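Here's the structure, in structure tokens; my notes come after.
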Amino acid sequence: MGAPLVLCGKTEQIGQGVIANLKPEYDVIHFVMSPETGAIQIPAILKGDQSPPSDSALGSKDYSKSPIAIILGGAFDDAGIEVMMKASEDTKPIPWLRPDLTKPTPPLGPEYGKAMVARVKVLLAQLEKEGKMNEEKVHWY
């Protein structure tokens, strides 16, 4: 089982592909579908809640290990991310990975998910190498 992550995305269809492509290195334990639900679910998960509320069946639901990062999809904007990060302030410090939408990507679909996952994996490896996995801050992929 890979390192645990929380994934935030607007659609389960794209989420499924991203989750599949993150394996085996990473295990998405929870899928958040909106900033409003993320503001409730993410702090619960970071505090070690073993059965946090969920609005999606995606994710392994293995909350035995705390996630190492929050991965944000392109549909989450500044305001939504701010709401979730503010709600999570008094929990475990964790990196929030956000897509750089100025970088070229394939159109939405299976190739889009693969391209984004490749960028996430590179950034996670870089953060780990630089000792930045305990920073509560946004990193762009």
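The end of the sequence shown is residue 184 by the working numbering, with every number in the run present.
Note that CB positions come from ideal geometry on N, CA and C, so glycine has one too.
None of these values were measured; they are calculated from a predicted model.
- CA-to-CA, the gap between V181 and L140 works out to about 6 Å.
- When DSSP states are grouped into helix, strand and coil, L151 belongs to the coil group.
- In the structure shown, the three-state DSSP call for D121 is helix.
- As the crow flies, the alpha-carbon of S103 is around 23 Å from that of V165.
- The stretch 100-114 makes contact with the stretch 63-76, as at least three CB pairs between them are under 8 Å.
- By DSSP's assignment, V75 forms a beta bridge with C51.
- Taken atom to atom, the span from the alpha-carbon of K157 to that of I137 is near 24 Å.
- Inclusion of P150 and Y184 in the CB contact set at 7 Å is not warranted, their separation being larger than that value.
- Checking the DSSP bridge columns, you'll see D70 partnered with P47.
- Under the criterion of beta carbons closer than 8 Å, M76 and G52 qualify as touching, at roughly 7 Å.
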